[in-house]
Structure formats: C-alpha cells, structure tokens
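Enquirer:
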Amino acid sequence: MRRLLENIRVAFQSLAVSKLRAFLTMLGIIIGVGAVIIVMAVGAGTQESIVSNLESMGTNLVTVTPGRGDSQFRPGGGGPPGGGGGFAVSIRGEQTETAKGDLYITDYEAIKNNASSISGVAPVVSQNSTVSYMGATDSLSITASTEDIFSLKNYELDKGSLFTSRDVSEITNVAVIGSQVVNDYFGKTEPIGEIIKIDGINFTVIGTLQEKGMTMEDDIVFIPINTAQIKLYGIRTVNNLVIQSKSEDTVDQTITEATTILRQQHQIETGELNDFDINSQTQMLETVSTITNTLTYALAGIAAISLLVGGIGIMNIMFVSVTERTREIGIRKSIGAKNRDILTQFLTESVVLSVIGGILGILFAVGVSWAVQKFAELNTTITATPIVLSVCFSTVIGVIFGIFPAMRAARLNPIESLRYE
C-alpha cells in the first residue's frame, strides 16, 4: 500500500511538471466521459418525462387502433354493419360495409353498452389542421371526441367550461384549447368567447385547460366529434378508441371484452385475425422504455468512441514521457529498482491521468446537463450508473493504453539509459 501511495505521489509530481500538456492529454477523456454521461442523462430524463406523462393519464387505460385493410366505397350507402344507430353523416362517398381495419362510432357504442369492466370509453378523431386567430396561423393537433375524453386523459379545466354531450349531439362549433395554444395565440387576452378558425370554419372558445407540461398535450385543440366528422373532415371513421378499465386489476378483462365485442361488430369469423389492435397503457410504458433505453445506449456507445481517442492521446504522451525520462529510469534501475517497479510507476501515471480526466468529465457533464435543463428546457437526469461506468471505463482506458509505454520503460537497459542525453 505504501509503495502504491508513493507511485501515486510521483505520478502527480510528474504531471505537475507539464500541466498544460497533461490537461490537453486528458481532454479526450474529459470530452468522452462528459459526452457519455450527458447523452444518458438526456435519455433518462426524456424517458422519465414520457413515462410520467403516460402514468399521469392512468395505468388502466386501453387503446384500440385500427388495423390495415381495403375500404369499399359506393355513393349513397347506409351505415356500417354491426348494429347501433351511430351518428348520421352524409358525405359524397359513403362506406356501405365496415372497411377492414376501420373503427366507427358504432364500435364505441357497442363497447360502452356491453363491456362490464370499464368505467369510461371515448372515440377519438385526431388530425392536424390549420388554426388561425387575428393573423396568427399554425398547424395544430385537433382532437375530436365526446365529453368523456377530458376525464379519461386527466385534463383539468382552467377557465370557462368543457363541451358537453349536448354540444356533441347538436354538432356545435365549440373548442376547448390547451395552455400552449392560449400562450401562442392569445397572450394576455382572455380567450373565452373568442372566435378561432379551424380549416376556415369558425369555432367559439368555451374553455381552456390547465398545463400538463408536455408540448404535445398542451399544444392541442379539443372539439366535439360530431362537429369534426360532419362539418370539418367529412369522415365516418375514428382514429382510435380510448377505454378506461375500472382498475389496473381488470385491464386484462377489459381487453378480452373489447376484443370479443369488436370481433362481433366487425363480423370476424372464428380463426380469422383481428382487424384492430388493442394495447394497454402498461404495454405502452414497456415499449417506450425499451425504445428510449435502446436509443440512449446506442448514442452513449457512439459517444464512448471519443474515449478511445483520449486513450490514444494518453499512450502517445506516455511514450514521450518515457523518452524524456530515460536517464531517470537508468538511475532508478542502477540503485536497485526492478522492472516491475518501473512498470508500476508509469502505469500508475497513466491511470492517474485517465481518472483525473474522468472526474473532470463528470463535472463537465453536470454543468452541461444543468445548462440544457435550464436553457433548452429538456429534462435531464444524471444517475449513478453512467458515472460509475464512465469512471471505470476511463480507468480501463488508462491501463490498456498505458501498459505499452510502461513495458517499454521497464525494458530499457540501465547502462544505455544512463548514457542517454
């Protein structure tokens, strides 16, 4: 232990002789370690934000999305099969049969009336449309649904009121807008009662929503689904169905019930594949976590390549150090130092160089992560795992790239070393 401490002390003395050269050598390690930690911090922060956002909507949500298939059209047809009155829609080309993979209002009604394990369900039509107000124009996400969508997605009213079942049935032109839309379009102006245009059609703003913290959820406009289908888009299908199970324990039952009901609605025979997909919020959380983890580690691996560059720099400077200290090596050997002593000394210097670079890289990463979170408004989360991995990796780099210069120093002939000028 005493010999190790002595080697570390000598290593610091040697590095202190040429501080600038030592710092430039460590720069590759500093950038490499910092880059790895920053990438993983941004990845972890992004994953945390997405997961938190999904969990805020409840882990007992189930989403039904349409599958793929060909649609059949002919002018002047009736409603989709499967029973249920649905909403009366008149468009130029109407579907006479349920297109394979499409979802309809009748599917929503069937689940609402027959599923016993659910506490709520809402059909959703979601499209990007041009929204304008007093010269301000932008493409925003329009979500059309029934009045139940707000409680299912845990949206809280800020001002005004939410649209009701009467607004849906009477096909009224009303809108409820997210907090980001309020900021972008109205600023300090009171939005309640103002008229906005969605694809050129007037809508009255009747309510605003509290901020949820995610741009995709705050930069949104809600309108009644009948209004969207009949007046805005001229469609009869819906993008998806959002189902809320009574509890997390009944999610599997809800999926089973919804599957059975939709197979009957779509007249799918036994043995045939479903023409729709059903996913629970838990499955979505697992998928999101898998994707973000994969991307984070892939980017961290790319960033770690700079550590190899730093290691090459360490090896280069250690070879220079061996050449400069050839006479010192000869003197040490002449007074009894063994090859392993010389090897240990130079290897210790290499490891100290990389460890110091790793520590400075951690400090660099902390500073950059703080700046990113403060000024770029991206959530960053620094955990112990990338710090430990980066320091360990930088230490290994020091050993690997320091071993060859150290071995060269240990093999020097003491007599020739003493003659070296």
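Okay, so the sequence shown: first residue is 356 according to the working numbering, each after it adds one. Glycine included, every Cβ here is placed at the ideal spot set by N, Cα and C.
Quick check: Ala-477 and Tyr-459, are their CB atoms within less than 9 Å of each other?
Expert: As a position in the sequence shown, residue 477 is number 122, starting the count at 1. As a position in the sequence shown, residue 459 is number 104, starting the count at 1. Contact flag unset, no.
Enquirer: Leaving out five residues on either side along the sequence, give the residues of the same chain with a beta carbon under 7 Å from the beta carbon of Thr-401.
Expert: As a position in the sequence shown, residue 401 is number 46, starting the count at 1. Contacts found: Thr-647, Asn-734.
Enquirer: Taking DSSP's pairing of strands, which residues face Gly-515 in a bridge?
Expert: For the purposes of this step, residue 515 is taken as residue 160 along the sequence shown, with counting starting at 1. For Gly-515, which the question treats as bridged, DSSP gives the partners Gly-562.
Enquirer: Just how far apart, CA to CA, sit Leu-650 and Ala-658?
Expert: Locating residue 650 in the sequence shown gives position 295, counting from the first residue. Locating residue 658 in the sequence shown gives position 303, counting from the first residue. Taking the straight line from one Cα to the other gives about 12 Å.
Enquirer: Return the CA-CA distance between Glu-337 and Gly-533, expressed in angstroms with no decimal places.
Expert: Since the first residue shown for the chain is 356 and the last is 776, residue 337 is missing from the structure and cannot be characterised.
Enquirer: If you follow the alpha helix (DSSP H) that Ile-504 is in, where does it begin and where does it stop?
Expert: The count along the sequence shown starts at 1 and reaches residue 504 at position 149. Residues 504-507.
Enquirer: Out of Ile-711, Leu-596, Ala-499, Tyr-652, which one is the CA nearest neighbour of Thr-582?
Expert: Locating residue 582 in the sequence shown gives position 227, counting from the first residue. Comparing Cα-Cα distances from Thr-582 to each of Ile-711, Leu-596, Ala-499, Tyr-652, the minimum goes to Ala-499.
Enquirer: Just checking, does the segment 473-488 make contact with the segment 532-552 on the three C-beta pairs under 8 Å criterion?
Expert: The segment 473-488 vs the segment 532-552: in contact.
Enquirer: Using only the alpha-carbon positions, how far apart do Arg-358 and Ala-720 sit?
Expert: For the purposes of this step, residue 358 is identified with residue 3 of the sequence shown, where counting begins at 1. For the purposes of this step, residue 720 is identified with residue 365 of the sequence shown, where counting begins at 1. In a straight line, the C-alpha of Arg-358 is about 34 Å away from that of Ala-720.
Enquirer: Determine the burial state of Leu-416: buried for a count of at least 16 other Cβ atoms within 10 Å of its Cβ, exposed for fewer.
Expert: The sequence position of residue 416 within the sequence shown is 61, counting from 1. Buried is the call here.
Enquirer: Between the Cα of Ile-752 and those of Thr-559, Ile-711, Ala-739, spot the shortest distance and give me the residue it belongs to.
Expert: Counted from its first residue, the sequence shown places residue 752 at position 397. The shortest C-alpha separation from Ile-752 is found at Ile-711.
Enquirer: Between which two residues does the alpha helix (DSSP H) containing Asp-696 stretch?
Expert: In the sequence shown, residue 696 corresponds to position 341, counting from 1. Where Asp-696 is concerned, the enclosing alpha helix (DSSP H) stretches over 694-730.
Enquirer: Pick helix, strand or coil for Gly-441, following the three-state DSSP scheme.
Expert: Within the sequence shown, numbered from 1, the residue matching residue 441 stands at position 86. Only weak support is given to the placement of Gly-441: the predicted model assigns it a pLDDT of 37, under 50, and the question is left unresolved by the model.
Enquirer: Comparing C-alpha positions only, which one of Ile-556, Leu-517, Ile-690, Thr-611 sits nearest to Asp-503?
Expert: Taking the first residue of the sequence shown as position 1, residue 503 is located at position 148. Among Ile-556, Leu-517, Ile-690, Thr-611, the Cα nearest to that of Asp-503 belongs to Leu-517.
Enquirer: How far does the beta strand (DSSP E) with Ala-491 in it extend, from its first residue to its last?
Expert: Here the question's residue 491 lines up with position 136 in the sequence shown. Taken as a continuous stretch (DSSP letters only), the beta strand (DSSP E) holding Ala-491 covers 491-500.
Enquirer: Given 8 Å as the limit, is there contact between the segment 750-765 and the segment 703-718, that is, 3 or more CB pairs closer than that?
Expert: Taking 8 Å as the limit for Cβ pairs, the verdict is that the segment 703-718 does touch the segment 750-765.
Enquirer: Should Val-479 and Ile-580 be called a contact, given that it needs their Cβ atoms to be closer than 9 Å?
Expert: Taking the first residue of the sequence shown as position 1, residue 479 is located at position 124. Taking the first residue of the sequence shown as position 1, residue 580 is located at position 225. Yes, these two residues count as a Cβ contact at 9 Å.
Enquirer: Output yes or no for whether 9 Å exceeds the beta carbon distance between Val-388 and Ser-749.
Expert: Looking up residue 388 in the sequence shown gives position 33. Looking up residue 749 in the sequence shown gives position 394. In this structure, Ser-749 lies closer than 9 Å to Val-388 by Cβ.
Enquirer: Around the C-beta of Phe-701, are 16 or more other C-beta atoms found within 10 angstroms, so that it is buried, or is it exposed?
Expert: Against the sequence shown, residue 701 aligns to sequence position 346. Classification of Phe-701: buried, given that the 10 Å Cβ count is 16 or more.
Enquirer: Whose CA, out of Ile-556, Phe-558, Gly-562, Val-529, lies closest to the CA of Glu-545?
Expert: In the sequence shown, the residue the question calls residue 545 occupies position 190. Nearest C-alpha to Glu-545: Gly-562.
Enquirer: Which term fits Gly-704, buried or exposed, when burial requires 16 or more other beta carbons within 10 angstroms of its beta carbon?
Expert: Translated into positions along the sequence shown, residue 704 becomes position 349. What sits at residue 704 in the sequence shown is Glu, not Gly. Per the 10 Å Cβ criterion, buried.
Enquirer: Which residue comes first and which comes last in the beta strand (DSSP E) that contains Gly-542?
Expert: Your numbering for residue 542 matches position 187 in the sequence shown. Looking at the DSSP string, Gly-542 is not in any beta strand (DSSP E), and its letter there is neither H nor E.
Enquirer: Is DSSP giving Val-365 helix, strand or coil here?
Expert: Against the sequence shown, residue 365 aligns to sequence position 10. Here Val-365 sits in helix by DSSP.
Enquirer: Just to confirm the assignment, what range does the alpha helix (DSSP H) spanning Asp-607 have?
Expert: Taking the first residue of the sequence shown as position 1, residue 607 is located at position 252. Its alpha helix (DSSP H) spans residues 606-620.
Enquirer: Assess, as a yes-or-no matter, whether the segment 468-476 is touched by the segment 597-607 under the definition of 3 or more beta carbon pairs within less than 8 Å.
Expert: Cβ pair count under 8 Å is three or more, so yes.
Enquirer: Grouping DSSP H, G and I as helix and E and B as strand, with all else coil, what is Tyr-459?
Expert: Working through the sequence shown from its first residue, we reach residue 459 at position 104. Note: Tyr-459 maps to strand in three-state DSSP.
Enquirer: Is it right to say Tyr-652 is buried, meaning 16 or more other beta carbons lie within 10 angstroms of its own, or is it exposed?
Expert: Position 297 of the sequence shown, counted from the first residue, corresponds to residue 652. By the neighbour-count rule (16 or more Cβ atoms within 10 Å), Tyr-652 is not buried but exposed.
Enquirer: Could you name the residues of the same chain whose beta carbon sits closer than 7 Å to that of Gly-439, not counting the 5 residues immediately before and after it, in chain order?
Expert: What you label residue 439 is simply residue 84 of the sequence shown in a count that begins at 1. At Gly-439, the pLDDT of 37 sits below 50, so the modelled position is not reliable; the number obtained from the coordinates is stated separately. Closer than 7 Å at the Cβ level, and outside the excluded window around Gly-439, lie Thr-461, Glu-464, Ala-465.
Enquirer: Mind checking whether Ile-392 and Ile-742 have CB atoms under 9 Å apart?
Expert: Here residue 392 is taken as the residue at index 37 of the sequence shown, counted from 1. Here residue 742 is taken as the residue at index 387 of the sequence shown, counted from 1. Yes. Within cutoff.
Enquirer: Any idea what DSSP makes of Ser-602, helix, strand or coil?
Expert: As a first step, residue 602 is located in the sequence shown; it is residue number 247 there, counting from the start. Three-state DSSP puts Ser-602 in coil, outside helix and strand.
Enquirer: Just mark Ile-690 as buried or exposed, buried being the case when its beta carbon has 16 or more other beta carbons within 10 Å.
Expert: As a first step, residue 690 must be located in the sequence shown, where it is residue number 335. Label assigned to Ile-690: exposed.
Enquirer: Using CA atoms only, rank isn't needed, just tell me which of Val-531, Thr-614, Gln-368 is closest to Glu-511.
Expert: Here residue 511 refers to the residue found at position 156 when the sequence shown is read from its first residue. Looking at the Cα atoms, Val-531 is the closest of the given residues.
Enquirer: Going by CA-CA distance only, name the one from Ala-731, Val-746, Asn-694 that's closest to Leu-718.
Expert: As a working mapping, residue 718 is identified with position 363 in the sequence shown. The residue with the shortest Cα to Cα distance from Leu-718 is Val-746.
Enquirer: What are the start and end residues of the alpha helix (DSSP H) that includes Leu-744?
Expert: The residue given as residue 744 occupies position 389 in the sequence shown. Here the alpha helix (DSSP H) through Leu-744 covers 739-765.
Enquirer: List the endpoints of the continuous alpha helix (DSSP H) containing Ile-684.
Expert: If you number the sequence shown from 1, residue 684 lands on position 329. Unbroken alpha helix (DSSP H) run through Ile-684: 681-689.
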